[in-house]
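In mature numbering (1 follows the signal peptide of the UniProt record, and there is no 0), the protein residues as written are -20 to -1, 1 to 110. Note that CB positions come from ideal geometry on N, CA and C, so glycine has one too.
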């Protein structure tokens, strides 16, 4: 019985010392908060295809492009979804609210030496007007 009491006391003391040792540890990360803002900000940029028109007034900020490239045979083929995400990234640089008049093209038949397949999207980065 006395042995059990000593063992549990020793275990509790060890746990307490371990936790106390970690309490002064400061966590530092190399993750840049700006990257988080950019990632989640890009997701809020709407992409309107050429046949869609937003129901809000807007002003042109810039022409933007986005590409998807299959750089190796064992990678998935280039696709419009990745090209549109690259388009959003480019539009984010201009603080755009949306990309309008977007058109995507399969450029695989014109692929260069670097891409096995290629998809490109073009559009206009715009900001909403009040």
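- In the structure shown, what three-state DSSP assignment does residue 115 receive? Any question about residue 115 goes unanswered here, given that the chain covers just -20 to 110.
- Item | Pairwise C-alpha distance: residue -15 and residue 24 | 60 Å
- Message: Relative to the C-alpha of residue 96, which candidate in 57, 64, 76 has its C-alpha closest?
- Response: 57
- Enclosing alpha helix (DSSP H) for residue 31 [first to last residue]: Taken as a continuous stretch (DSSP letters only), residue 31 belongs to no alpha helix (DSSP H), as it is neither H nor E.
- Query: residue 20: buried (16+ other C-beta within 10 angstroms of its C-beta) or exposed?
  - Reply: Model confidence at residue 20 stands at a pLDDT of 49, short of 50, so the residue's coordinates are unreliable; what they give is reported in the following sentence. Looking at its Cβ environment, which holds fewer than 16 other Cβ atoms inside 10 Å, residue 20 is exposed.
- Query: In chain order, what residues of the same chain lie with their CB nearer than 7 Å to the CB of residue 60, ignoring the 5 residues before and after it?
  - Reply: 84, 99, 101
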